[in-house]
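Student: First the structure, which I've put down as C-alpha coordinates, then a few questions once you've had a look.
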Amino acid sequence: MFTQQMGDELASHFVNSTHLHFAQAGHLVMAECAELVNQAIANWLNQQVYF
262 MFTQQMGDEL ASHFVNSTHL HFAQAGHLVM AECAELVNQA IANWLNQQVY
312 F
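Here our numbering = 1-based position in the sequence shown + 261.
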(Lines of atoms letter the chains of each structure in order from A and count residues from 1; the text may use other names and numbers.)
(Lines give C-alpha, C1' and ligand atoms only; values in the text may rest on other atoms or scores of the structure.)
Protein backbone atom coordinates (compact mmCIF):
# COMPACT_ATOMS: atom_id res chain seq x y z
CA MET A 1 0.00 0.00 0.00
CA PHE A 2 1.24 3.48 -0.90
CA THR A 3 0.21 5.84 1.89
CA GLN A 4 -0.38 9.58 1.74
CA GLN A 5 2.77 10.09 3.81
CA MET A 6 4.79 8.03 1.33
CA GLY A 7 3.43 10.11 -1.54
CA ASP A 8 4.31 13.35 0.23
CA GLU A 9 7.83 12.07 0.88
CA LEU A 10 8.29 11.01 -2.75
CA ALA A 11 6.99 14.34 -4.08
CA SER A 12 9.42 16.23 -1.87
CA HIS A 13 12.30 14.85 -3.97
CA PHE A 14 11.04 16.31 -7.26
CA VAL A 15 11.19 19.96 -8.26
CA ASN A 16 7.78 21.44 -9.08
CA SER A 17 5.95 18.27 -8.08
CA THR A 18 2.47 17.95 -6.67
CA HIS A 19 1.08 15.05 -4.68
CA LEU A 20 -2.67 14.69 -4.42
CA HIS A 21 -4.46 12.17 -2.24
CA PHE A 22 -7.92 11.01 -3.28
CA ALA A 23 -9.26 9.25 -0.20
CA GLN A 24 -12.27 7.80 -2.02
CA ALA A 25 -10.17 6.20 -4.77
CA GLY A 26 -8.68 2.75 -4.92
CA HIS A 27 -6.31 1.22 -7.46
CA LEU A 28 -7.76 2.97 -10.51
CA VAL A 29 -7.77 6.58 -9.40
CA MET A 30 -7.92 7.94 -12.96
CA ALA A 31 -11.06 5.91 -13.66
CA GLU A 32 -12.68 6.17 -10.24
CA CYS A 33 -12.18 9.93 -9.87
CA ALA A 34 -11.80 11.01 -13.49
CA GLU A 35 -13.27 14.50 -13.04
CA LEU A 36 -11.08 15.24 -10.01
CA VAL A 37 -7.96 13.95 -11.73
CA ASN A 38 -8.67 15.89 -14.92
CA GLN A 39 -9.29 19.09 -12.96
CA ALA A 40 -6.11 18.59 -10.94
CA ILE A 41 -4.08 18.12 -14.14
CA ALA A 42 -5.66 21.20 -15.72
CA ASN A 43 -4.94 23.26 -12.60
CA TRP A 44 -1.34 22.08 -12.54
CA LEU A 45 -0.83 22.87 -16.23
CA ASN A 46 -2.31 26.33 -15.79
CA GLN A 47 0.20 27.07 -13.01
CA GLN A 48 3.25 26.15 -15.10
CA VAL A 49 5.46 28.72 -16.78
CA TYR A 50 6.33 27.93 -20.37
CA PHE A 51 9.22 29.52 -22.24
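Beta carbons: idealized from backbone N, C-alpha and C, even for Gly. All values derive from a computational prediction rather than experimental measurement.
Could you check how far apart the C-beta atoms of T325 and W305 are, in whole angstroms? I think they sit under 8 Å.
Tutor: This structure cannot speak to residue 325, because the chain is shown only from 262 to 312.
Student: Using the three-state DSSP reduction, which class does G268 fall into: helix, strand or coil?
Tutor: Here the question's residue 268 lines up with position 7 in the sequence shown. When DSSP states are grouped into helix, strand and coil, G268 belongs to the helix group.
Student: Could you pull the start and end residues of the alpha helix (DSSP H) that Q308 belongs to?
Tutor: Locating residue 308 in the sequence shown gives position 47, counting from the first residue. First-last of the alpha helix (DSSP H) with Q308: 295-308.
Student: Which of the three DSSP states, helix, strand or coil, is assigned to M262?
Tutor: In the sequence shown, the residue the question calls residue 262 occupies position 1. Coil, per DSSP.
Student: Does the beta-carbon distance from E293 to A286 come in below 7 Å?
Tutor: Residue numbering aside, residue 293 sits at position 32 when the sequence shown is read from its first letter. Residue numbering aside, residue 286 sits at position 25 when the sequence shown is read from its first letter. In this structure, A286 lies closer than 7 Å to E293 by Cβ.
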